[in-house]
Amino acid sequence: MSAFNAHLNPTLGRGKTHIARRLGRYLEFFHATPVEIFNVADYRRKLCGEQHDPEWFDPHNHEAEELRESCHNAATTDMLVFLNTHENAVAIFDSTNATFKRRQQLIDKVRFNIGIHCMCGFHCIGVLGGGCMCLYVSS
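Counting in my numbering, the final residue of the sequence shown is number 162, and the numbers go up one at a time with none missing.
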């Protein structure tokens, strides 16, 4: 079985979902590859509702941390089911994956990984239209 997981890494509000959708459409259209995007924020909205105050995202809020972790785990489980049931598939895991621990959990669970680290900020203006991407591959 050949299956790939592309996971999008940090920064909040910098275009991870946009990149995920563009990459997914490209792979589906030009390579006829089955692609599924697993957006952890969508899982959070389904499980916990639409609106959350900033305290909900505070790393010291342990109750919310457990809920965030359950959303992450649900998305990861669905992604693994998708990868195990589709040959030559690409799963795009759209989340901040801000900690090394969280990124390592994804890498450990998936056979082939392509990590896309979104680095869009003021220091990148003028490079690739204001956005920079660093690509790393592990197998």
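Quick reminder that beta carbons are idealized off the backbone N, C-alpha and C, glycines included.
For residue i, three-class secondary structure by DSSP
i	result
Glu51	helix
Asp65	helix
Val113	strand
Val133	coil
Residues of its chain near residue i, where Cβ-Cβ distance is below 8 Å and the 5 sequence neighbours each way are ignored
i	result
Thr56	Leu50, Asn111, Ala112 and Val113
Expected contact under 8 Å - CB spacing of residue i and residue j to nearest Å
i	j	result
Glu78	Asn84	6 Å
Cβ-Cβ distance between residue i and residue j below 8 Å
i	j	result
Asn120	Leu129	yes
Val63	Ser118	yes
Phe184	Ala98	Only positions 24 to 162 of the chain appear in this structure, which leaves residue 184 out of reach.
Leu70	Leu46	no
Glu88	Pro82	yes
Spatial neighbours of residue i in its chain, beta-carbon cut-off 7 Å, leaving aside the 5 residues before and after
i	result
Thr40	Asn62 and Asp117
Asp101	Phe61
Cβ shell of residue i (< 6 Å), same chain only, five flanking positions each side left out
i	result
Tyr66	Cys94, Ala97 and Ala98
His109	Pro57
Checklist entry - Which ranges would you report for the alpha helix (DSSP H) in the region 73-110 if only whole runs of at least 4 residues count? => result 85-108
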